[in-house]
Amino acid sequence: MGWVFCSGQRDVYLPVLPLKQIKSLESELNVQLFDRTNNKIALTPGGTAFLEYARRLNDTYKAMLQDMEQYSSAKKTISMGILPLEQGYRC
């Protein structure tokens, strides 16, 4: 379940976020992100700008994770250990 609202030329789907989180974000940014009127919700100009930044941050994060894979998989280490045998052990 989520919200669909018009963002200029295309519809945007967002997962449902608790209103408290959205209000908190708007308060932190001191920007109203959504215009909430008559059972409709639409992005404000500030919300549209925020959405573009959020998309870029998400893309950058995904690229970083992908780039980091080369470092984590490049060095595979196998550790082995040998337990000491008790004295007097014979096969």
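With this note's numbering applied, the sequence shown covers 106 to 196. Cβ atoms here follow ideal geometry from the backbone N, Cα and C, with glycine treated the same way.
Exercise. How would you write the range of the beta strand (DSSP E) that Leu148 sits in, first residue to last?
Worked result: Where Leu148 is concerned, the enclosing beta strand (DSSP E) stretches over Lys145 to Leu148.
For this session: Would you give the residue range spanned by the alpha helix (DSSP H) that Leu130 belongs to?
Result: It spans Leu124 to Leu134 - the alpha helix (DSSP H) in which Leu130 sits, taken as one unbroken run.
Problem set entry | Distance between beta carbons of Ala147 and Phe139, contact taken as under 8 Å | Separation of the CB atoms of Phe139 and Ala147 is rounded to 7 Å, and the pair is thereby assigned contact status at 8 Å.
Exercise. Distance, Cα to Cα, Leu176 vs Tyr166?
Worked result: Before going further, note that residue 176 is Tyr rather than Leu in the sequence given. The straight-line gap from Cα to Cα measures roughly 16 Å.
Exercise. How close, in whole Å, do the beta carbons of Gly151 and Gln137 come, if the pair is a contact with beta carbons under 8 Å?
Worked result: Rounded, the Cβ-Cβ distance is 7 Å, consistent with contact.
For this session: Name the residue from Asn143, Tyr158, Ala168 and Thr142 whose alpha carbon lies nearest to the alpha carbon of Leu134.
Result: From the listed residues Asn143, Tyr158, Ala168 and Thr142, the smallest Cα separation to Leu134 is found for Tyr158.
For this session: Specify the secondary structure class of Glu174 as computed by DSSP and reduced to three states.
Result: In this structure, Glu174 counts as helix in the three-state DSSP scheme.
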